[in-house]
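**Q**
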Amino acid sequence: MNKESLIRKFNKQAAIYERNTRQRRLGEWRQRLLQDVEGNVLEVAVGAGANFPFYQRDKVNVTAVDFSPEMLSRARRMASELGIRANFLERDIETLELPERSYDCVVSTLSLCGYEDPVQALNKINRWAKPGGRVYLLEHGMSTNRFLGAMQHLINPAGRRISGCHYNRDMIHIANASELNIVKTERYWNGIVHLIWAQAT
Ligand SMILES: C[S@@+](CC[C@H](N)C(=O)[O-])C[C@H]1O[C@@H](n2cnc3c(N)ncnc32)[C@H](O)[C@@H]1O
Numbered sequence: 010m011n012k013e014s015l016i017r018k019f020n021k022q023a024a025i026y027e028r029n030t031r032q033r034r035l036g037e038w039r040q041r042l043l044q045d046v047e048g049n050v051l052e053v054a055v056g057a058g059a060n061f062p063f064y065q066r067d068k069v070n071v072t073a074v075d076f077s078p079e080m081l082s083r084a085r086r087m088a089s090e091l092g093i094r095a096n097f098l099e100r101d102i103e104t105l106e107l108p109e110r111s112y113d114c115v116v117s118t119l120s121l122c123g124y125e126d127p128v129q130a131l132n133k134i135n136r137w138a139k140p141g142g143r144v145y146l147l148e149h150g151m152s153t154n155r156f157l158g159a160m161q162h163l164i165n166p167a168g169r170r171i172s173g174c175h176y177n178r179d180m181i182h183i184a185n186a187s188e189l190n191i192v193k194t195e196r197y198w199n200g201i202v203h204l205i206w207a208q209a210t
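Under our numbering, the first residue of the sequence shown carries the number 10, and numbering increases by one thereafter.
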């Protein structure tokens with residue numbers, strides 16, 4: 010799928026993602042994952058800013074990237090309502106260049122499902138974070154339940170076409186294949202939802 014049509018798809022979903030910021034269970038996972046994020050924070054594929062309510066506003070200075078202008082305009086509004094210090098870049102993560110070894114923390118939630126090459130995206134994150142910098146991932150991927158896993162394979166082609174996401178990625182394999190040092194993982198919802206704490210190498 011070419012990038013323009015992918016961006017159009019995400020532009021159309023921006024209002025839905027803004028509403029999702031109030032989704033309770035997702036909110037609990039975000040809270041659990043993000044409670045100690047601090048310093049110079051890079052958030053990749055920020056969407057509508059759903060993670061902003063879980064940052065401690067006095068402790069973070071956020072650089073937020075997304076290629077969807079509709080998502081970014083909502084994220085900007087969210088940051089200003091919450092008093093989060095943030096600057097925004099309208100860029101494609103897969104071609105983005107940033108100074109290396111710069112960020113104390115990097116956050117990526119519900120985004121590895123969208124990239125052409127998620128391992129390469131994680132390797133970029135690894136380079137953008139300071140050595141030992143903390144990396145926080147909340148991703149959906151292949152279930153540990155075989156029936157659900159089979160369903161995920163089945164719906165994947167339509168899901169990708171409609172929403173721009175892959176539904177059957179093996180997130181643990183992807184994380185382990187990257188240059189990041191995986192510190193801890195937790196899985197919920199029949200293993201579909203992954204919380205991953207990692208460190209840049
Ligand atoms: C499923 S949404 C998740 C948004 C947000 N992180 C959250 O947790 O609600 C995926 C986001 O990734 C962005 N995205 C996908 N591929 C991207 C890319 N290659 N470069 C920049 N942003 C991308 C989309 O525009 C969208 O905002």
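Yeah, the Cβ is synthetic: ideal placement off N, Cα and C, and Gly gets one too.
This structure is a prediction, so every number in the text was calculated from the model and none was measured.
So what's W137 in DSSP terms, helix, strand or just coil?
**A** W137: helix per DSSP, three-state reduction.
**Q** Is it true that the CB of V144 sits closer than 8 Å to the CB of A95?
**A** no
**Q** What residues in its chain sit with their C-beta under 7 Å from that of E165, if we drop five residues either side in the sequence?
**A** Reading off the sequence, residue 165 comes out as Asn, not Glu. Closer than 7 Å at the Cβ level, and outside the excluded window around N165, lie H175, Y176, N177.
**Q** Determine the closest residue to A111 out of A207, G48, Y197, A186, with distance taken between C-alpha atoms.
**A** At residue 111 the sequence reads Ser, which differs from the Ala that was named. Answer by Cα proximity: G48.
**Q** What do you reckon, are the CB atoms on G150 and I93 nearer than 8 Å?
**A** no
**Q** Compute the distance between the beta-carbons of K18 and S120, then report whether it is under 8 Å.
**A** No. Outside cutoff.
**Q** Please list the terminal residues of the continuous alpha helix (DSSP H) segment that includes K12.
**A** Residues 12-21.
**Q** Report the rounded CA-to-CA distance for R41 versus V192, giving the unit in angstroms.
**A** Using only the alpha carbons, I get a separation of about 15 Å.
**Q** Do the stretch 102-110 and the stretch 132-141 make contact, defined as three or more Cβ pairs closer than 8 Å?
**A** yes
**Q** Who does I164 pair with in a DSSP beta bridge?
**A** Paired residues: none, contrary to the question.
**Q** On the DSSP bridge assignment, give the partners of L98 in chain order.
**A** V74, per the DSSP bridge assignment.
**Q** Rounded C-beta distance between A54 and R83? I'm assuming under 8 Å.
**A** The pair is not a contact, with the Cβ atoms about 13 Å apart (cut-off 8 Å).
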